[in-house]
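Residue numbers (the UniProt record's numbering): 1 to 777.
C-beta atoms are modelled at their ideal positions from N, C-alpha and C, and glycine is treated no differently.
Source: prediction; values computed, not measured.
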DNA sequence: ATAGGGTTAG
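Here's what the structure looks like:
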């Protein structure tokens, strides 16, 4: 609105002097010079004094200002009108147009104008260079940079920052040392190269090598510490710095706010000499991230000025707490929604399972970015609507939205969550087609997808192809093998990781220990557990202890497991007790299991999985009274047993089964086939184990229920519909039951098929009558 | 008209 107004105001004066001028003058009226140099060009404007351009320089300056104003308001069409109606143009006019196009995301138009422009001056080159840098097109930026007839310190700095922002630390360093003149911005450029790329120690050394840094650089280094959660170092800089500006205060407040130290954040907030919208928003967001929603709201309501980021932070708070109605009210009330606001709401609805509301908002958006698409795609994928997710992905491409790496990685991780291997493979294909399969982020996403979809061999192929593996790549591969019960392979990868010179971190060790636990490698696991502090400087956290307790418990050493738990330096959490409960179940120790379960109930009253585990434990020892009391307790506490179900993909369709399912169109064939299998299995030595069924019912009936557990139905359907020679991949939302596990071993032998089952805990590869978990799970 | 630091969404 404001832009239009200023356009009319300015152009009314301009048009008067234009009455007799042709409006269709394109670009031919530009000044003509041969060798552009900064000085001559600025003077050239007054040179061609023919009658047509009896227009003063100050008049031209006004036009140029008009262009700039329009561009700043995002009205590039109006700017073009002004540009086209100018009687003559200076290079400033062109430069304003190019830079305006660039800040309005009209890269193509900017490049066209740059190429058509008759006399480029140094600024034109610099503007265009910064355009390429902003578009992350470093190759083209470098070509341009090398073509430039002359370069000043701005050109060098632009190139430096381009390399810095895209992770090319070495190139950036080369530029810095080659540049003929350096100013404070260049020094800061190298410093921020290090900071932005996580080289905080190098940044620190550089900082100490020189005196008199500007406040910007102090802030940059302090921000680096804040991002790495090194608050003490950040505070030290803050206290030392010779002068502080608003950004210094905002950085330190943000640091404390984002790391849970809200009272210190608040204290500095009160102390800071001036607060702007950034400071306020940082505080709001700090309270939000720490779950202090009411305090966040009080601060939010007290803000003197809010911008869209402040609103979004508050909305995100309600979204995180699943208070979608309140979030929606704020969203509707906010005066200045931007794309992020919409994206936040869409993500919120998608994550709370309300995919139709998410879609509704998505359809109503006037502008979408790649995050909007990623959010809705992930929403569909995670709610089990894989096909719709892929449809949208295709639509995104058709709409001309740039398929960037983050859209792919997001869709891939959605595939991984629902184990949609076929969908994941299609995405993989598209990634290759789009030429985006390089890079460690994408590689890691692909790797995780194949691991979680049960295709561990393909996962390994991907892993090998990632040329620059980071610690996440190694960790994912190790954890992948661990979950599949391939302990030896996990260890091999772990050894090569060390050979490759990558330092294992705490996540690595969780993977390694759980590989030992899933494979029953007690001695090896114990060795790693006790030596990792000395070898890699990793202090055991509660996850490591849980792995160890699991490992000991499964090996039947329940006393040692309990001892370790008593001696660990922190309070056991539900997962730790869960490990003990699982071990008690395997070894039939009802007493210990009961104790563990009771504590877990107090910690997590809604954890229905624990009720089932304990019920099964009671049932296994024939304590049917306790079983029915458990059921009552679950009912009274309002906990519903999550119904078990299994699913598998066949020809791009997901088929879902639950116990005794009578909905599947092929149920006749499936049940008949199961009867047939049952006979063959019994001949093979299979005896149904009835002790793990939840109810106290007649023996015969129990056997009947077991026979039609969802995983058996899914496996039977898989054998019937997937051609021989291809693996059958079945997913289950709960842990596989003992009887089914036993049965599937027999089935894999009788039918000669590889059956890969993903349950809520890990993978089982059944083949030739045995399972990769070694009956340890 | 061009180059450096701080708040939200994935």
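- Simplified DSSP assignment, three categories, for residue 758: strand
- At what residue ranges does the region 140–219 contain a whole run of the alpha helix (DSSP H), taking only runs of 4 or more? 153–165, 169–178, 184–196, 200–208
- Message: Which of the three DSSP states is assigned to residue 436 in this structure?
- Response: coil
- Classify residue 697 as helix, strand or coil using the three-state DSSP reduction. Model confidence at residue 697 stands at a pLDDT of 42, short of 50, so the residue's coordinates are unreliable and nothing is read from them.
- Item | Minimum C-alpha distance to residue 545 - residue among 101, 470, 564 | 564
- Task: Return the residue from the list 76, 87, 88, 81 that minimises the CA-CA distance to residue 100.
- Result: 76
- Quick one: what does DSSP say residue 771 is sitting in, helix, strand or coil? strand
- Message: I'd like to know if the region 766–774 and the region 706–714 are in contact, where contact means that at least 3 CB-CB pairs between them fall below 8 Å.
- Response: no
- Query: How many Å lie between residue 284 and residue 293 at the Cα?
  - Reply: 9 Å
- residue 807 to residue 175, Cα distance in whole Å? Limits of the chain in this structure are 1 at one end and 777 at the other, which puts residue 807 out of reach.
- State yes or no: is the C-beta of residue 518 within less than 9 Å of the C-beta of residue 480? no
- Query: Nearest-angstrom Cα distance between residue 588 and residue 598?
  - Reply: 17 Å
- Message: Check for me: the beta strand (DSSP E) holding residue 595 runs from which residue to which?
- Response: Residue 595 -> not in any beta strand (DSSP E); alpha helix (DSSP H) instead, spanning 590–603.
- Item | Beta-carbon spacing of residue 617, residue 658 below 9 Å | no
- Report yes if the C-beta distance between residue 181 and residue 152 is below 9 Å; otherwise report no. yes
- Item | residue 440 to residue 272 span [Cα, whole Å] | 41 Å
- Query: Under a Cβ-count criterion, where at least 16 other Cβ atoms within 10 Å of its own Cβ denotes burial, should residue 455 be classed as buried or exposed?
  - Reply: buried
- Item | Simplified DSSP state of residue 539, which is helix, strand or coil | coil
- Message: Pull the bridge partners of residue 729 from the DSSP assignment, please.
- Response: 756
- Item | From 449, 403, 452, residue whose alpha carbon lies closest to that of residue 430 | 403
- Pairwise C-alpha distance: residue 460 and residue 437: 15 Å
- Message: Helix, strand or coil for residue 366? Go by DSSP, reduced to three states.
- Response: coil
- Contact belief for residue 755 with residue 715 at Cβ below 8 Å, rounded distance in angstroms: 6 Å
- Message: Using only the alpha-carbon positions, how far apart do residue 321 and residue 556 sit?
- Response: 41 Å
- Check whether the Cβ atoms of residue 447 and residue 473 lie closer than 9 Å to each other. yes
- Query: Quick one: what does DSSP say residue 90 is sitting in, helix, strand or coil?
  - Reply: coil
- Message: What does the Cβ neighbour count give for residue 489, buried or exposed, with the cut at 16 atoms within 10 Å?
- Response: buried
- Query: What separation, rounded to the nearest whole angstrom, lies between the Cα atoms of residue 603 and residue 401?
  - Reply: 46 Å
- With DSSP as the reference, please indicate the residues paired to residue 658 in a beta bridge. 645
- On the three-state DSSP scale, how would you describe residue 764? strand
- Item | CB-CB length for residue 221 against residue 191, believed under 8 Å | 7 Å
- Task: Output yes or no for whether 9 Å exceeds the beta carbon distance between residue 647 and residue 730.
- Result: yes
- Query: With 16 other CB atoms within 10 Å as the buried threshold, where does residue 391 fall?
  - Reply: exposed
- Message: With H, G and I counted as helix, E and B as strand and the rest as coil, what does DSSP make of residue 396?
- Response: helix
- Query: By Cβ distance, which residues of its chain are closer than 6 Å to residue 187, with the 5 residues on each side in sequence left out?
  - Reply: none
- Message: Let me make sure I understand the geometry here. Which of 419, 418, 432 has the alpha-carbon closest to that of residue 408?
- Response: 432
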